[in-house]
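Taking it in order: structure first as structure tokens, then the write-up.
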Amino acid sequence: MKQEIKTISQNEMGIFVNKLIQNDHYEVVGVKSKGERFVFDELEDANELRLDYDVTILPPKKYFLPQYEKLMDFDLKKNFDVKTKFDNKPRIIIGVHPYDIVALTQTDRVYLDDQKDDFYKKRRENTIIIGIDIQKVSERSFSASLGTHITDTGFDLMLTNLGNKYAITIGSQKGKLLLNQNASTDEATDDEIKKIAKIHIELPSKYKKKLKVTDENELSSLLVANYENALWEERSDRCLECSSCTMVCPTCYCYDVKDEVSLNLEDGTRLRTWDGCLLRDFTKVGSGEVFRDEIKDRYRHRFFRKGNYLTQRYGFIACVGCGRCSTACLPDIADPCDVINELHSFGGKGNKDKFFLKQQIDFLEKGTIHVPRKATITRIEKLTDSETLYEIELDDKKPLGHKPGQFVELSLFGIGEAPFGISTGPSQNSKFELVVRKVGNLTSKLATLKVGDSVGIRGPLGNGFDVKSLEGKHLLFVSGGTGIIPMRSLIEYCLDKKNRDKFKYIKILYGAKRPCEVLFQKEINEWEKCLDVSCRLTVDTCSGGECWVGSVGLITTLFPKLKVERIDPKNTIAIVIGPPVMYKFVIKCLQTLGVPEKNILVSLERRMKCGVGKCGHCQINGIYVCREGPVFNYADIKGLPEAFE
Amino acid sequence: MKKPRVAFFDFASCEGCQLQIADLEEEILDLINIVDVVSFREVMKEHSDDYDIAIIEGSIMRPIDEGRLKEIRENAKILVALGACATIGGINKIRNQWTPSEVKKEVYGNYNLKGNDFFDVFQTKAVDEVVKVDYNIHGCPINRDEFKKVITSIAMGKNPEIPNYPVCVECKKNENICLFELGKFCLGPITRAGCNSICPTNGSPCDGCRGILKKPEVECINDILERYNLDYEEMKRRCNIYNYGKEVCK
């Protein structure tokens, strides 16, 4: 594509920048010095601009996904009072290097996908980017290896220092207009255009660091081949677990969300802040379980995200080679160039798709990724000592419209949000049920609410059961502990009079720790009355005083008993939901029974925070549980080392 | 809902953390709107032993402190340790490199202190070495915003979220130049965050007043010291300011 190119003298450039600064319409930021380093900061005068910089401490990401960002304000005095305010201030960023521009276009793919982040979108729309071709290559940068040292898209204007003047490549109408209105420029001559090309061609020779693998497919496959390489452990032994590498990264975008309430206990804010996958609590769920507990696994995760997980999902290497992580890492173990080159010396080719699952999902509610809908608790029933059932109705009285197996994010302002599997089957009724075990802050607060109180609901989210694929099959439900809660949504669907004919024999196995922890006993009694349905219950232990007529023993002890019953394993679909430790054992039992792997469906639990594949917390290797899951076909994910560890 | 009754107590400390609370200025009105302060020696003369939440400042140095603290624990539903002296022992623990009798001799010479309970000291302890602590408000001094967060959380019936990640996270968000690059030894990488990296942001290396989160491998420490041309002894001294007796590396 031929781009329009102008030139501007050094002096005129200063006048242009000052004109922008004096224009109250814009906030003008640019690269300034901070000691020996550089930062993007608000400009007061064109003289502060340091277009000769090597790299800034933080990338310009902070203007699109700020370190701390208000998602909404709420007023706890009022019932469900939420306000969202967007940052609409037009901003001009001067001096963005090409690799940072590429990083932004990568982030666009994530934040402007089918579930757009409105905060990010508004900021992107309101920002004009004036780039600058790299004049001084940063010591640790290897962006030339990745081709991100130059770019011909992603900017509104791009400056190239030609010595006595700047060339300005026009990248957008917005940029052109800004230039026409505020600067006097000349057309670039052929010689000057050639000079830009020469600068671009000569730039790679200025880099000290060079990657030995630059093709995204080759890198993707090299990583897979070396998943178990000793290097991850050797290097991560020295990791301080400070996550500085992710904090300074232009392509890292994971976040955490917290509610803060002022000392008057009335006004509160839901805040978003940068999170990092090197931090231990990153994968910690309400019950306290940490899913990527070992530093080796967290250390490896970062590289796999950059070179395999996101690469398979979006088609690009999610590293632009800026070198900020290497500079920030005190023990100097974070440098992607060093790690990739070391991997290259080991070689190997793996199946690059191994850790990723290609699956399209339809979101019912588009564009509601942060603000919950108002809903009301219509019934509360205490089921066991620790579990309580909440019947909830959206205030607009519309049905939730969920599939069995989907989940919602339940919001209590001032406390936060947590994911819950929907426990009732799809229906035209506007009410649905959640069953909640009291484990953390949100569930404890929920326990104090009464009928008529308001809660926030986002969703339905995630991938539910594909009920069509179950038709004409025998169904074997295997649930352990609280796994029965989301399981019930599918059982109810299958036993619904309208649907019952579509499925053959239904067997339900359910194991709880103790008799007093058995959920839905009433419903189970009803299910058993249906034609061609059998239920078998077991408890791990049963103390003397407890009344129990089912089996005693782990869920796996129910399987030998199944053998004697007539079963057609090839035509059976097994649906397994339970605590993480259960899957391995139950799947073995199913294999012994002769149920093919592709006939096994599971639903997994991780820290699902955003629910729309952005915040990064629920990731299992290359997949997001909140997006591709929580329901998975076992055959699709059995190769993921993080799925059933 | 009945407002929780709060009492402040001080042990070996400078009482500067309570001063941080007294310094809330007009916000103190919000504070007393959500809790009843029944004992706070720095700002009021009244005192009551009927309280729900006990906030303890200071380290435990003497048998008589231990008895008093245990009594407070019995009276309180929730016990909060306030500031580094209480949460980790802090600078009071520097004393632990000498025996109690050496310390007494150094300070009081040959003066006869026998039989005087006030001078009967043992090795410095943090509050959680004597009684169960429900929540820690770290720092020397504490961060007022964190105090507010903990108090509002307790008042709302939720567990306050205290960061489990190091100061570097906040320091990076604040876009500071890493102090190691400036040739200074900083404990930020292994110290609990929550202070919004106030010291590094103002050019002072982190002294670890919020407690050490991780003991890095010796090789890792050596690598870093070598890379930035820093001295092991200087590192040790810095670690000892607030974390005397804690191993800094494996």
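For the record, the sequence lines run as chains Y and P. Numbering-wise, the first sequence is residues 2 to 646 according to this note's numbering. Numbering-wise, the second sequence is residues 1367 to 1616 according to this note's numbering. We put the beta carbon where it would ideally sit given N, CA and C, even for glycine. Owing to the predicted nature of the structure, the values given are computational and were not obtained by experimental measurement.
1) Decide if the region 1534-1547 of chain P is in contact with the region 1576-1586 of chain P; the criterion is three or more beta carbon pairs, one per stretch, under 8 Å apart.
2) Can you give me the Cβ contacts of residue 636 of chain Y inside the same chain, cut-off strictly under 6 Å, excluding the 5 residues immediately before and after it?
3) Would you call the CB atoms of residue 197 of chain Y and residue 161 of chain Y closer than 8 Å?
4) Flag this pair as yes or no: are the beta carbons of residue 1398 of chain P and residue 1493 of chain P separated by less than 8 Å?
5) Just verifying my parser: in three-state terms, what is the DSSP assignment at residue 1545 of chain P?
6) So, does the CB of residue 531 of chain Y fall closer than 8 Å to a CB anywhere in chain P?
7) List, in order along the chain, the chain Y residues whose C-beta lies closer than 8 Å to that of residue 1530 of chain P?
8) Are the C-beta of residue 59 of chain Y and some C-beta of chain P separated by less than 8 Å?
9) Could you check whether the Cβ of residue 1535 of chain P sits closer than 8 Å to any Cβ belonging to chain Y?
10) For residue 675 of chain Y, I'd like the list of residues in its chain whose CB is within less than 8 Å of its CB, leaving aside the five on either flank, ordered along the chain.
11) From Y:575, Y:33, Y:243, Y:150, pick the residue whose C-alpha is nearest to that of residue 200 of chain Y; which is it?
12) The beta strand (DSSP E) that contains residue 435 of chain Y, what's its start and end?
13) So with CB distances below 7 Å, who are the chain Y contacts of residue 1518 of chain P?
14) In chain order, what residues of the same chain lie with their CB nearer than 6 Å to the CB of residue 444 of chain Y, ignoring the 5 residues before and after it?
15) Who pairs with residue 75 of chain Y in a beta bridge, going by DSSP?
16) Identify the continuous beta strand (DSSP E) that holds residue 1396 of chain P and give its terminal residues.
17) Ends of the alpha helix (DSSP H) at residue 1589 of chain P?
18) Cα-Cα, which of Y:30, Y:54, Y:60, Y:57 is closest to residue 46 of chain Y?
19) Along the chain, where does the alpha helix (DSSP H) that runs through residue 46 of chain Y open and close?
20) Quick test of the definition: if touching needs 3 or more C-beta pairs under 8 Å, does the region 263-275 of chain Y touch the region 64-82 of chain Y?
21) From the DSSP output, in three-state form, read off residue 536 of chain Y for me.
22) Looking at the unbroken alpha helix (DSSP H) that takes in residue 1513 of chain P, where does it start and where does it end?
23) Beta carbon of residue 307 of chain Y, beta carbon of residue 318 of chain Y: below 8 Å?
24) Does any CB atom of chain Y fall closer than 8 Å to the CB of residue 1418 of chain P?
25) From residue 1429 of chain P to residue 1455 of chain P, what does the alpha carbon distance come to, in whole angstroms?
26) Can you tell me which of P:1470, P:1388, P:1611 puts its alpha carbon nearest to the alpha carbon of residue 1482 of chain P?
27) So, does the CB of residue 331 of chain Y fall closer than 8 Å to a CB anywhere in chain P?
28) Contact between the region 210-230 of chain Y and the region 339-348 of chain Y: three or more CB pairs below 8 Å?
29) What ranges does the beta strand (DSSP E) occupy inside the region 369-408 of chain Y, keeping only unbroken runs of at least 3 residues that lie completely in it?
30) Taking beta-carbon pairs under 7 Å, can you tell me which members of the region 1535-1566 of chain P lie near chain Y?
31) Is residue 245 of chain Y close to chain P, meaning its C-beta is less than 8 Å from at least one C-beta of that chain?
32) Taking the alpha-carbon positions, what's the residue 124 of chain Y to residue 23 of chain Y distance?
33) Sorted by chain position, which residues of the same chain lie with C-beta nearer than 6 Å to residue 415 of chain Y's C-beta, five sequence neighbours on each side aside?
34) Can you name the residues of chain Y whose CB is closer than 7 Å to the CB of residue 1393 of chain P?
35) Relative to the C-alpha of residue 489 of chain Y, which candidate in Y:516, Y:642, Y:431, Y:426 has its C-alpha closest?
36) Cβ of residue 99 of chain Y within 8 Å of Cβ of residue 152 of chain Y?
Reading it off the structure:
1) In this structure the region 1534-1547 of chain P does not touch the region 1576-1586 of chain P; the number of beta carbon pairs closer than 8 Å is below three.
2) Closer than 6 Å at Cβ, skipping near neighbours: 598, 599.
3) In contact: residue 197 of chain Y and residue 161 of chain Y (Cβ atoms closer than 8 Å).
4) For residue 1398 of chain P and residue 1493 of chain P, no; Cβs fall outside 8 Å.
5) Looking at residue 1545 of chain P - three-state DSSP - the assignment turns out to be coil, as it is neither helix nor strand.
6) Chain P has no Cβ within less than 8 Å of the Cβ of residue 531 of chain Y.
7) Here the neighbours are 280, 281, 282.
8) Answer yes: the Cβ-Cβ gap between residue 59 of chain Y and chain P drops below 8 Å somewhere.
9) Look at residue 1535 of chain P: its C-beta is under 8 Å from a C-beta on chain Y.
10) With chain Y covering only 2 through 646, there is no way to say anything about residue 675 of chain Y.
11) In terms of Cα proximity to residue 200 of chain Y, the closest of Y:575, Y:33, Y:243, Y:150 is Y:150.
12) Membership of residue 435 of chain Y in the beta strand (DSSP E) is indicated by the continuous run 432-438.
13) Under the 7 Å cutoff, chain Y gives 262, 264, 266.
14) Taken in chain order, the residues that qualify are 437.
15) Y:83, Y:269.
16) Where residue 1396 of chain P is concerned, there is no enclosing beta strand (DSSP E), although the alpha helix (DSSP H) around it starts and stops at 1393-1400.
17) Start and end: 1584-1593.
18) The shortest C-alpha separation from residue 46 of chain Y is found at Y:30.
19) DSSP places residue 46 of chain Y in no alpha helix (DSSP H); its state is neither H nor E.
20) A contact exists between the region 263-275 of chain Y and the region 64-82 of chain Y.
21) Residue state, collapsed to three classes: strand.
22) DSSP places residue 1513 of chain P in the uninterrupted alpha helix (DSSP H) bounded by 1510-1522.
23) Note that the C-beta distance between residue 307 of chain Y and residue 318 of chain Y is below 8 Å.
24) Closer than 8 Å: no.
25) Cα to Cα, the separation comes out at about 16 Å.
26) The residue with the shortest Cα to Cα distance from residue 1482 of chain P is P:1470.
27) Closer than 8 Å to some Cβ of chain P, the Cβ of residue 331 of chain Y qualifies, so yes.
28) Yes, since at least three Cβ pairs between the region 210-230 of chain Y and the region 339-348 of chain Y fall closer than 8 Å, the two stretches touch.
29) The qualifying runs are 374-383, 388-395.
30) Flagged, chain order: 1535, 1538, 1539, 1541, 1543, 1544, 1546, 1555, 1556.
31) True, the Cβ-Cβ gap to chain P drops below 8 Å.
32) If I take the Cα positions, the gap works out to 21 Å.
33) Excluding positions up to five away in sequence, the list reads 77, 260, 262, 269.
34) Against chain Y, a Cβ distance below 7 Å from residue 1393 of chain P picks out 264.
35) When Y:516, Y:642, Y:431, Y:426 are compared, the shortest CA-CA separation from residue 489 of chain Y is found for Y:426.
36) Yes.
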